[in-house]
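For the sequence shown, this note's numbering begins at 1 and goes up steadily by one. Comments concern the structure below.
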Amino acid sequence: MKKTILAVDYSTIMHQIFKQALSQEYRVLVVDNAIDALSMIYHEQVKVILLDILMPGIDGLELCRTIRSIPQFQNLPTMMLTATDSYFDKVQGHLISNPLASE
Numbered sequence: 001m002k003k004t005i006l007a008v009d010y011s012t013i014m015h016q017i018f019k020q021a022l023s024q025e026y027r028v029l030v031v032d033n034a035i036d037a038l039s040m041i042y043h044e045q046v047k048v049i050l051l052d053i054l055m056p057g058i059d060g061l062e063l064c065r066t067i068r069s070i071p072q073f074q075n076l077p078t079m080m081l082t083a084t085d086s087y088f089d090k091v092q093g094h095l096i097s098n099p100l101a102s103e
C-alpha cells in the first residue's frame, strides 16, 4: 500500500503538479485550505504534509503551528513551500522555494 502525502495549496495548478510528480510512488491527497487539511490528517493516515506558506485565511505557518500543538501530530513531517524567499521565511526554519512561482 502506498504511503499518503497531503498537499495543502490554494492553487489548483499546484494540485495537479503534486499529483503528477508524486502519484506513482505515493497516494496524493490535495486540499486548498487549513480547515480541510486538519480534517484530512484526522481521517487519513497522512505520512507527510506539503504545505504552502502563502494561503488565504489561515496561512501555512499558522497551520503548521496548529498541527504541532496536537500531540498525535507533533512529529508529522511537514515540508513548507513558498513562492518567496524573504528573510522572514528563512528564519522560520529550512526553506524550499517553489520553483514554479511567478517572479
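Using N, Cα and C, we set each Cβ at its ideal position, and we do this for glycine too.
Per DSSP, which residues does residue i bridge with? Please list them.
i, result
"Ile5", "Val28 and Val48"
What residue range does the beta strand (DSSP E) around residue i cover?
i, result
"Leu81", "Thr78 to Thr82"
Rounded to the nearest angstrom, how far is the Cβ of residue i from that of residue j, given a contact under 8 Å?
i, j, result
"Ile53", "Met80", "5 Å"
"Phe18", "Leu50", "7 Å"
"Leu76", "Val28", "With 8 Å as the limit, Leu76 and Val28 do not qualify as a contact, their Cβ atoms being about 16 Å apart."
"Ala34", "Met55", "7 Å"
Just curious, the alpha helix (DSSP H) that residue i is in, first and last residue?
i, result
"Phe18", "Thr12 to Leu22"
"Ile35", "Ala34 to His43"
"Gly60", "Gly60 to Arg68"
For residue i, tell me which candidate among the options has the shortest Cα-Cα distance.
i, options, result
"Thr4", "Val48, Leu76 and Lys19", "Val48"
"Val31", "Gln24, Lys2, Leu63 and Asn75", "Leu63"
Across the stretch 40-53 and the stretch 63-79, are there enough close Cβ pairs to call them in contact, namely three or more that are closer than 8 Å? Yes: at least three Cβ pairs fall under 8 Å.
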